[in-house]
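**Q** First the structure, then my questions, so here it is.
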Amino acid sequence: MTDITTTATTETTTASPSGIAPTAADTTITDAAPTSDSSTTDTAHPAHPMHKVLSFVRRSGRLDARLQRAWDNYADDYLLDINAGAGSLDVRPGFTLDRDYVRRTWGNDNPLIVEIGTGQGENVVAAAASRPDENFLALEVYDPGVAHTLLLAGKQGLTNIRVAQVNAPELLKVCADGILAEVWTFFPDPWPKKKHHKRRIVQPELAGEVRRALVDGGVWRIATDIEDYALHVHEVMDGLDGWRNEGGVTVSLPTGHVGKGNADLAADMPHADFAESARFEGRVLTNFEKKGIAAGRVIHDFTYRRA
Ligand SMILES: C[S@@+](CC[C@H](N)C(=O)[O-])C[C@H]1O[C@@H](n2cnc3c(N)ncnc32)[C@H](O)[C@@H]1O
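Residue numbers (full-length UniProt numbering): 1 to 307.
Here it is, written out as structure tokens:
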């Protein structure tokens, strides 16, 4: 169980990840790791009601020599200087991601695609490399993931990608209306225990901010290899005003939730049909997707269009 309480400072964060890991953020993180193989128990203390419910656990930000070198070499080129302070994962008060900022940062007016939770960055960097006429923004909280994304982008000398080390919902809140062409959330942390489902990043509040930030007709693409998360996505998104589920594939899912270690019980639950999408061709196979496939799990793809 982790319990980290931190406060923001006023510095910014492009310098070194070592200043980021153990200290700041306007966040209090209380309880277990999000992975399905977590060894933590179900006895975590409930977060204080005033504290944000976070979709991640702050982990050590220690980098090996290669990733530290990548950070030192490429942070100035790619890492946005928008944090509330050194070590903070919040966005600096007053910052807005608007057209003017896009022009100044990417140097053009091309469509902007944001990926939430980019992990090692394989997908967002591959997309940026293959789609030079679009701009990309990678959102990731984990130091080694950020550093690896900087490394991949820097090695290829890409100019249409930037990285922000911030809590993604905070960034969405400060996006100007209609500034984003697409938002991608691939293989979000599953938070398998029932009491942690509220920490899943796909939530109605985030959906509201994503919708506001998307251009008319823009899409939110989501993918998961966790069946219970697929049901969660349908529950959050399918009934929300202002979205159209563009899925053309019918998928049968259990209509009840299972908790950690109980996924097998789902097979005996009543099922219903849901609309999902064919695999998004613009996504490369990351380690998370490979692991899901290797474990025999079905990949669920979703395309929600701002209606
Ligand atoms: C299971 S990984 C998947 C990574 C990547 N999308 C892939 O498919 O390889 C989920 C990632 O989301 C990141 N993440 C979780 N909550 C986040 C948040 N609130 N803001 C930014 N990143 C977050 C985690 O640090 C982790 O790297």
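For every residue, glycine included, the Cβ atom is placed at its ideal position computed from N, Cα and C.
#1: Please classify Leu-80 as buried or exposed, where buried requires at least 16 neighbouring CB atoms within 10 angstroms.
#2: Taking all protein chains shown into account, decide if Ser-36 is buried (16 or more other Cβ within 10 angstroms of its Cβ) or exposed.
#3: What did DSSP end up calling His-300 once you bin it into helix, strand or coil?
#4: Check whether the Cβ atoms of Val-91 and Glu-170 lie closer than 7 Å to each other.
#5: Could you check if Leu-137 is buried or exposed, using at least 16 other CB atoms within 10 Å of its CB as the buried criterion?
#6: Does DSSP put Ile-293 in a helix, in a strand, or in coil?
#7: Note down, in chain order, each residue of its chain lying with its Cβ closer than 8 Å to the Cβ of Ala-272, except the 5 sequence neighbours on either side.
#8: Report, in whole angstroms, the separation of the C-beta atoms of Gly-145 and Thr-118, which I expect to be a contact under 8 Å.
#9: What residue range does the alpha helix (DSSP H) around Leu-151 cover?
#10: CB Thr-96 to CB Gly-121, shorter than 7 Å?
#11: Helix, strand or coil for Glu-276 per DSSP?
#12: Just verifying my parser: in three-state terms, what is the DSSP assignment at His-257?
#13: Whole angstroms is fine: what's the gap from Phe-187's alpha carbon to Asp-301's?
#14: To the nearest angstrom, how far is the alpha carbon of Arg-306 from that of Asp-77?
#15: Between residue 320 and Leu-139, what straight-line distance do the alpha-carbon atoms span, to the nearest angstrom?
#16: Compute the Euclidean distance between the alpha carbons of Trp-243 and Phe-274, then round it to the nearest angstrom.
#17: Is any heavy atom of ligand 1 found at a distance shorter than 6 Å from the C-beta of Val-141?
#18: If you draw a straight line from the C-alpha of Pro-111 to the C-alpha of Ile-161, how long is it?
**A** Let me spell this out:
#1: Position 80 of the sequence shown, counted from the start, is the residue given in the question as residue 80. It is buried - the Cβ of Leu-80 has at least 16 other Cβ atoms within 10 Å.
#2: Stepping through the sequence shown from its first residue, residue 36 is reached at position 36. Low confidence applies here, because Ser-36 scores a pLDDT of 40, under 50, leaving its location unreliable and the question unanswered by this model.
#3: For the purposes of this step, residue 300 is taken as residue 300 along the sequence shown, with counting starting at 1. Strand.
#4: Reading the sequence shown from its first residue, position 91 is the one you call residue 91. Reading the sequence shown from its first residue, position 170 is the one you call residue 170. It is a contact, given that the beta carbons lie within the stated cut-off.
#5: For the purposes of this step, residue 137 is taken as residue 137 along the sequence shown, with counting starting at 1. Its Cβ being crowded by 16 or more others within 10 Å, Leu-137 is buried.
#6: Within the sequence shown, residue 293 is the residue found at index 293, counting from 1. When DSSP states are grouped into helix, strand and coil, Ile-293 belongs to the helix group.
#7: Along the sequence shown, read from residue 1 onward, the residue named residue 272 stands at position 272. Closer than 8 Å at the Cβ level, and outside the excluded window around Ala-272, lie Ser-252, Leu-253 and Thr-255.
#8: Reading the sequence shown from its first residue, position 145 is the one you call residue 145. Reading the sequence shown from its first residue, position 118 is the one you call residue 118. Confirmed, Cβ separation roughly 7 Å.
#9: Here residue 151 is taken as the residue at index 151 of the sequence shown, counted from 1. Element bounds for Leu-151: 143–156.
#10: Here residue 96 corresponds to residue number 96 of the sequence shown, with the count starting at 1. Here residue 121 corresponds to residue number 121 of the sequence shown, with the count starting at 1. Contact: no.
#11: Position 276 of the sequence shown holds residue 276. Under the three-state reduction of DSSP, Glu-276 is assigned to strand.
#12: Counting from one through the sequence shown, the residue named residue 257 turns up at place 257. His-257 falls in the coil class under three-state DSSP.
#13: Sequence index remark: in the sequence shown, residue 187 carries index 187 (1-based). Sequence index remark: in the sequence shown, residue 301 carries index 301 (1-based). Using only the alpha carbons, I get a separation of about 10 Å.
#14: Reading the sequence shown from its first residue, position 306 is the one you call residue 306. Reading the sequence shown from its first residue, position 77 is the one you call residue 77. Those two C-alpha atoms are separated by around 32 Å.
#15: Lying before the first or after the last residue shown, residue 320 is absent from the chain, which here runs from 1 to 307.
#16: One-based indexing of the sequence shown puts residue 243 at position 243. One-based indexing of the sequence shown puts residue 274 at position 274. Spanning the two alpha carbons is a distance of roughly 15 Å.
#17: Working through the sequence shown from its first residue, we reach residue 141 at position 141. Within the cutoff, so yes.
#18: Within the sequence shown, numbered from 1, the residue matching residue 111 stands at position 111. Within the sequence shown, numbered from 1, the residue matching residue 161 stands at position 161. Rounded to whole angstroms, Pro-111 to Ile-161 spans 12 Å at the Cα level.
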